[in-house]
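Structure first, commentary second.
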Amino acid sequence: MGFLDITNVTKSYGNVEVLHKVDVEVQEGEFLVLVGPSGCGKSTLLNMIAGLEDITSGDISINGRVVSGVHPSKRNIAMVFQSYALYPNMTVGQNMTFGLEMHGVPKPEREKALADVSKLLQIEQLLDRKPGQLSGGQRQRVAMGRALVRDPDVFLFDEPLSNLDAKLRVDMRTEIKKLHEQLKTTVVYVTHDQIEALTLSTRIAVMNGGYIQQLGTPREIYDTPANIFVATFMGSPAMNIVPAKIKVDNGVVFAELTDAEGQPKLLRTVQSNLAAWDGREILLGIRPEAITDPDGADRKSTHLERLDNRITVTEPAGSDTFVTMTLGGRDVIGRMRADADAAAGQMFEFAINMEKAVAFDPQTEDRIRPD
Amino acid sequence: MSVATQDTAISTGKITRALIYLVLLLFALFYLLPLFVMVANSLKPLDEITGGNMLALPQTWTIEPWLAAWSTAQIGVEPTGLRPYFINSILMVVPAVAISTILGAINGYILTKWRFKGDNILFGLMLFSCFIPFQIVLIPMATVLGKIGLAGSIPGLILVHVVYGVGFTTLYYRNYYAAVPSELVRAAMIDGAGFFRIFWRILLPLSGPITVVSVIWQFTNVWNDFLFGASFGGTSQPMTVALNNLVQSSTGVKEYNVHFAGAILAALPTLIVYIVAGRYFVRGLMAGSVKG
Ligand SMILES: Nc1ncnc2c1ncn2[C@@H]1O[C@H](COP(=O)(O)OP(=O)(O)O)[C@@H](O)[C@H]1O
Ligand SMILES: [Mg+2]
Numbered sequence: 001m002g003f004l005d006i007t008n009v010t011k012s013y014g015n016v017e018v019l020h021k022v023d024v025e026v027q028e029g030e031f032l033v034l035v036g037p038s039g040c041g042k043s044t045l046l047n048m049i050a051g052l053e054d055i056t057s058g059d060i061s062i063n064g065r066v067v068s069g070v071h072p073s074k075r076n077i078a079m080v081f082q083s084y085a086l087y088p089n090m091t092v093g094q095n096m097t098f099g100l101e102m103h104g105v106p107k108p109e110r111e112k113a114l115a116d117v118s119k120l121l122q123i124e125q126l127l128d129r130k131p132g133q134l135s136g137g138q139r140q141r142v143a144m145g146r147a148l149v150r151d152p153d154v155f156l157f158d159e160p161l162s163n164l165d166a167k168l169r170v171d172m173r174t175e176i177k178k179l180h181e182q183l184k185t186t187v188v189y190v191t192h193d194q195i196e197a198l199t200l201s202t203r204i205a206v207m208n209g210g211y212i213q214q215l216g217t218p219r220e221i222y223d224t225p226a227n228i229f230v231a232t233f234m235g236s237p238a239m240n241i242v243p244a245k246i247k248v249d250n251g252v253v254f255a256e257l258t259d260a261e262g263q264p265k266l267l268r269t270v271q272s273n274l275a276a277w278d279g280r281e282i283l284l285g286i287r288p289e290a291i292t293d294p295d296g297a298d299r300k301s302t303h304l305e306r307l308d309n310r311i312t313v314t315e316p317a318g319s320d321t322f323v324t325m326t327l328g329g330r331d332v333i334g335r336m337r338a339d340a341d342a343a344a345g346q347m348f349e350f351a352i353n354m355e356k357a358v359a360f361d362p363q364t365e366d367r368i369r370p371d
Numbered sequence: 001m002s003v004a005t006q007d008t009a010i011s012t013g014k015i016t017r018a019l020i021y022l023v024l025l026l027f028a029l030f031y032l033l034p035l036f037v038m039v040a041n042s043l044k045p046l047d048e049i050t051g052g053n054m055l056a057l058p059q060t061w062t063i064e065p066w067l068a069a070w071s072t073a074q075i076g077v078e079p080t081g082l083r084p085y086f087i088n089s090i091l092m093v094v095p096a097v098a099i100s101t102i103l104g105a106i107n108g109y110i111l112t113k114w115r116f117k118g119d120n121i122l123f124g125l126m127l128f129s130c131f132i133p134f135q136i137v138l139i140p141m142a143t144v145l146g147k148i149g150l151a152g153s154i155p156g157l158i159l160v161h162v163v164y165g166v167g168f169t170t171l172y173y174r175n176y177y178a179a180v181p182s183e184l185v186r187a188a189m190i191d192g193a194g195f196f197r198i199f200w201r202i203l204l205p206l207s208g209p210i211t212v213v214s215v216i217w218q219f220t221n222v223w224n225d226f227l228f229g230a231s232f233g234g235t236s237q238p239m240t241v242a243l244n245n246l247v248q249s250s251t252g253v254k255e256y257n258v259h260f261a262g263a264i265l266a267a268l269p270t271l272i273v274y275i276v277a278g279r280y281f282v283r284g285l286m287a288g289s290v291k292g
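Okay, structure coming up:
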């Protein structure tokens, strides 16, 4: 039993099921991020936790209490919306204390909570302004402040940063993380931005098409994705997925893939149970940072494979240079050091960290787990 | 070269501008002419009108026609002036406008923020009511008013105007509230506000501009209505019916100056509503656009 339990929850609109038997257990103080492409049902799930949408079947309980049928205001949750949903006719101060007022909290206590939170968020000088007179970042803070004064069991965030410009988004991200580390309140946070998910969360639920594809820590999600969807959705640039054929030679398992000229190349894999796939096709997943110039390779890796191949494109990006080559008939991106001697059209010796490579079943697209 | 072009651009700008102003001025004069005729003639003794030029200013200025129209002129058979009918109209128009506007606001609120099965059909039917001609409902309406005992009374007229107006006011508020994000209502629900509290504290304070539109529309329609007033007014007829009785009276000489004064009196309230509320209307629109 967790602090927030979502058990076997489904949601249908008419006869269209948009969420299918979702199970998540959130411990007290956790920062759970629901991430997935637009339309995958993240907001729907969050709204069901908030009580803004009915649950079609299944149960949600918060702090040991089943909340089906409990009014949103009585679930002891607070929510921050993408549009901030600040009441335009009220001042910032009134916005933040409206919930307390509706809950019958006496005025002195409201003032105290307002003073504490506005100090915490450094918005004391804004309290008498109307939302219309605030910048985007300030509105965002006020929206968070309105949630904070309630001192809820669970914070619910629905894409709270997606209306901010890139720079502010990064700043506010750090700020939210700091706040969570300070307050240790349970958070469920919805985003379609995988970087936000990886940086903020203690655990991530990757969703697609109304299913939870994988639930795990950011490291688990990133290093051992459950399937090709998770592998390519999380991480930027996306994980390279290359068709390869398994060849076992003297007990050593190789993945054979074709280079830019169509010549077969062998990469030794670390995953011994792939021997069962001898002679068959798999999909090999290699993150761009596992494909480097030899000097930039991870020195701790025990399985660095060398591969000569022709470079198609180089994209200097300041701190790194991204290099594209053709492998297995697909474009594959590697991340070189900025001063690596890579030029388009030339042959180049790549170092591939096979410790970090993962294998997928081409039929089911699920990961082939090591034993 | 570039300087020369700029010069021409500025001078053409000036010429166009002058032309536009000239045309606008002509239009304004054209529209003001009838008002001028009415005001001028309402301030003349009758013999100046019958004797001569309608377009001339009065030679002897008098407010007698106004006083007569207000309190002594013959309306039908009684020499009461328009005053009692003016009061009837006020007693009818204020509650009718207030009730239909409030109902429209609540309807709009429900139809956008508390959606239910069949809400669009219901709204469609209410919209349909905007297109029903008055004449069609006269007889059924008379039956209903008779049955509920409101025939020939001001409350009866109020009811008729509310029923007729609520389709329009619902349309206004529904479209206005449709643009208000539903997340506001959701946030207020989580904050613990109930149905009426959300309406009163969140939606209504945002409704200035649309309320002005609704009030102007309803006031003008109810005040200017003749058919319902004549059909259902009974002994409490509104201003429009009285004005007709004043102007159409077949006995004695036609006192055109009194008629003009009476007509202006009948038009004055709507004029005032336009002038006063119209200003707030523009202000409300500006505030909304700045708020974003
Ligand atoms: N009121 C509704 N009626 C019908 N379908 C809906 C409704 N709300 C959401 N959906 C559908 O449910 C799915 C999930 O929506 P949502 O939870 O908003 O996605 P996300 O937040 O992940 O972008 C979408 O396919 C959407 O079209
Ligand atoms: Mg969403």
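Chains as they are written, first to last, in the UniProt record's numbering: chain A, 1 to 371; chain B, 1 to 292.
For every residue, glycine included, the Cβ atom is placed at its ideal position computed from N, Cα and C.
Taking the straight line between their C-alpha atoms, what separation do you get for G93 (chain A) and L206 (chain B)?
Their backbone Cα atoms lie some 18 Å apart in a straight line.
V206 (chain A) and V26 (chain A) look like a contact to me (Cβ under 8 Å); what is the Cβ gap, rounded to whole Å?
V206 (chain A) to V26 (chain A), Cβ: 15 Å. No contact.
In three-state terms, what does DSSP make of H20 (chain A)?
Three-state DSSP puts H20 (chain A) in a strand.
CB D298 (chain A) to CB I246 (chain A), shorter than 7 Å?
Taking 7 Å as the cut-off, the Cβ atoms of D298 (chain A) and I246 (chain A) do not count as close.
Option in B:P155, B:I75, B:N120 with minimal Cα separation from N245 (chain B)
When only C-alpha atoms are compared, the closest one is B:I75.
State the CB to CB distance for the pair T314 (chain A) and A344 (chain A), rounded to an integer number of angstroms; the pair is presumed to be in contact (CB under 8 Å).
Between A344 (chain A) and T314 (chain A) the Cβ distance is about 5 Å, and since that is below 8 Å, they are a contact.
Which partner residues does A197 (chain A) have in the DSSP bridge list?
DSSP output for A197 (chain A) lists no bridge partner at all.
Give the DSSP-derived three-state secondary structure of I352 (chain A) in the structure shown.
Assigned with DSSP and collapsed to three states, I352 (chain A) falls in strand.
Straight-line gap, Y172 (chain B) to L134 (chain A) (C-alpha atoms, nearest Å)
Each residue's alpha carbon lies about 29 Å from the other.
Assign K42 (chain A) to buried or exposed, taking buried as 16 or more other Cβ atoms, counted over all protein chains shown, within 10 Å of its Cβ.
By the 10 Å Cβ count, K42 (chain A) comes out buried.
Close Cβ partners of E365 (chain A) (< 8 Å) along its chain, the five nearest in sequence each way excluded
So the list reads N227, I228, F229, L283, once near-sequence residues are dropped.
Any 3 or more C-beta pairs closer than 8 Å across the stretch 298-309 of chain A and the stretch 267-281 of chain A:
Contact check between the stretch 298-309 of chain A and the stretch 267-281 of chain A: three or more CB pairs, one atom from each, fall below 8 Å, which counts as touching.
Compare the C-alpha of A166 (chain A) against each of A:V70, A:E196, A:D153, A:T324 and name the closest.
Nearest of A:V70, A:E196, A:D153, A:T324 to A166 (chain A), Cα basis: A:E196.
Near-chain B residues of the stretch 84-109 of chain A - C-beta to any C-beta below 7 Å
From the stretch 84-109 of chain A, only A85, Y87, P88, N89, F98, G99, M102, H103 have a Cβ closer than 7 Å to chain B.
Just the C-alpha distance for Y256 (chain B) and T101 (chain B), rounded to the nearest angstrom, thanks.
One C-alpha to the other measures close to 38 Å.
Residues bridged to R367 (chain A) [DSSP beta-bridge criterion]
R367 (chain A) is bridged to A:F360.
Tell me, please, which residues DSSP counts as bridged to G285 (chain A).
Bridge partners of G285 (chain A): A:I241, A:V358.
Where do the ends of the beta strand (DSSP E) carrying A78 (chain A) lie?
77-80 is the span of the beta strand (DSSP E), which, as asked, contains A78 (chain A).
When the Cα of A357 (chain A) is compared with those of A:G285, A:T324, A:E111, which residue comes out closest?
Ranking A:G285, A:T324, A:E111 by Cα distance to A357 (chain A) puts A:G285 first.
Starting from the beta carbon of F81 (chain A), find every residue of chain B whose beta carbon is closer than 8 Å, and list them in chain order.
Simply E183, R186, A187.
Of the residues A:P225, A:D59, A:E30, the one placed nearest T10 (chain A), counting alpha carbons only:
For T10 (chain A), the closest alpha carbon among the candidates A:P225, A:D59, A:E30 is that of A:D59.
Any heavy atom of ligand 1 within a distance shorter than 6 Å of the CB on V18 (chain A)?
At least one heavy atom of ligand 1 is nearer than 6 Å to the Cβ of V18 (chain A), so yes.
Tell me whether G292 (chain B) sits in a helix, a strand or coil according to DSSP, three-state version.
The predicted model places G292 (chain B) with a pLDDT of 36, which falls under 50 and marks its position as unreliable, so this point remains unresolved.
Opposite V67 (chain A) in the DSSP bridges: which residues?
DSSP output for V67 (chain A) lists no bridge partner at all.
Quick one: grab the DSSP three-state call for R280 (chain A).
Here R280 (chain A) sits in coil by DSSP.
Contact set between S73 (chain A) and chain B, taken where Cβ atoms lie within less than 7 Å
Chain-ordered, the chain B residues with CB closer than 7 Å to the CB of S73 (chain A) read M189, I190, D191, G192.
Taking the continuous beta strand (DSSP E) assigned at F31 (chain A), which residues delimit it?
Note, F31 (chain A): beta strand (DSSP E), 31-35.
Do the stretch 57-70 of chain B and the stretch 253-267 of chain B touch if we need at least three Cβ pairs shorter than 8 Å?
In this structure the stretch 57-70 of chain B lies against the stretch 253-267 of chain B, because at least three pairs of beta carbons, one per stretch, are closer than 8 Å.
Inter-residue Cα distance where the pair is V16 (chain A) and N8 (chain A):
Straight across, the Cα-Cα distance linking V16 (chain A) with N8 (chain A) is about 17 Å.
Take S73 (chain A) and list the residues in its own chain whose beta-carbon comes closer than 6 Å to its own, dropping the five residues that flank it on each side.
Excluding the 5 residues flanking it on each side, S73 (chain A) has no same chain C-beta neighbour closer than 6 Å.
Tell me, please, whether the CB atom of I158 (chain B) is closer than 7 Å to any CB atom in chain A?
No - not a single Cβ of chain A is within 7 Å of the one on I158 (chain B).
Apply the 10 Å Cβ neighbour rule to G149 (chain B) and answer buried if 16 or more other Cβ atoms are within range, or exposed otherwise.
By the 10 Å Cβ count, G149 (chain B) comes out exposed.
Residue-chain proximity (L52 (chain A), chain B), Cβ-Cβ < 7 Å
At least one chain B Cβ lies under 7 Å of L52 (chain A).
Residues of its chain near V37 (chain B), where Cβ-Cβ distance is below 7 Å and the 5 sequence neighbours each way are ignored:
Counting only residues of its own chain and dropping the five nearest sequence neighbours on each side, V37 (chain B) has a CB closer than 7 Å to the CB of M54, L55.
Check for me: the alpha helix (DSSP H) holding S12 (chain A) runs from which residue to which?
Not the alpha helix (DSSP H): S12 (chain A) falls in the beta strand (DSSP E), residues 4-13.
With C-beta atoms as the reference, is G99 (chain A) less than 7 Å away from D191 (chain B)?
Against a cut-off of 7 Å, the Cβ pair of D191 (chain B) and G99 (chain A) comes out as a contact.
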